[in-house]
Amino acid sequence: MTAKYKGFVSLILKSMIPPVMAYHCIIHQEQLCAKTLDMKHVMENVLNTVNFIRSKGLNHRKFHAFLAEVGSDYNDVIYFSQVRWLSRASTLARSWSLLEEIKTFMTIKEKDVSFLDDDQWLNDLAFLVDITKYLADLNLKLHEENNSLTTCMSMSKRSSTNYNYSTNNLF
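Here it is, written out as structure tokens:
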């Protein structure tokens, strides 16, 4: 609480004319951008499918064997953890890469995967894969050593501009 009145940022804010903007953490803003997308229906379906495959050892082993049998490039799906939100991009990208294999496996297991036949849902998934990959890459760039505040802010501003441009042209 004292940092609000006596901390470095508060002293700078009081003494600067014109006032400067204070950012607690630039990276959290990128996370908020990812969460503001209205793609919950896509993420829930992907997570439910991945959790079905990974949560029970038997299903997981059968999925491994199935992927080996069909000669897939990958041997597993990636778990998503809300705490480590960057795993969202990896989970989505791997699920996108294994879409046909997942569809076949879930059909064999008699699970409803009708959403995998919906073109609009697939378009939303493709968009979500791309945007989360972009945000994860941006986050990794922001974590690089020797980045100055101005470099981080310009990367963040550029990504915001690119996002606004993309969404205005898509929708």
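Note that the sequence shown covers residues 176 to 346 in this note's numbering.
For glycine and all other residues, C-beta sits at the position ideal for the given N, C-alpha and C.
Bear in mind the structure is a predicted one, so any value in this text is a computation, not a measurement.
Extent of the continuous alpha helix (DSSP H) to which residue i belongs
i, result
"G232", "G232 to V245"
"S272", "S262 to S272"
"V252", "Premise fails: V252 is in no alpha helix (DSSP H) and is neither H nor E."
"D299", "D294 to H318"
Assigned secondary structure, residue i (DSSP; H/G/I helix, E/B strand, else coil)
i, result
"K332", "helix"
"E275", "helix"
"C327", "helix"
"M218", "helix"
"N226", "helix"
"M176", "Residue confidence for M176 is low, a pLDDT of 46 falling below 50, so the modelled location carries little weight; the figure read from the coordinates is stated next. Of the three classes helix, strand and coil, the one that applies to M176 here is coil, per DSSP."
Buried or exposed (CB count within 10 angstroms, at least 16 for buried), residue i
i, result
"I277", "buried"
"L315", "exposed"
"S256", "exposed"
"T326", "exposed"
"R269", "buried"
"N250", "exposed"
"I283", "exposed"
"A240", "exposed"
"L233", "exposed"
"S331", "buried"
"S289", "exposed"
"S329", "exposed"
"S334", "buried"
Self-check item: Cβ contact (3+ pairs, closer than 8 Å) linking the segment 293-303 and the segment 319-330
Solution: Contact fails: fewer than three Cβ-Cβ distances are below 8 Å.
Quiz item: With a cut-off of 8 Å, do at least 3 Cβ pairs link the segment 242-254 to the segment 283-295?
Solution: No, the segment 242-254 does not touch the segment 283-295.
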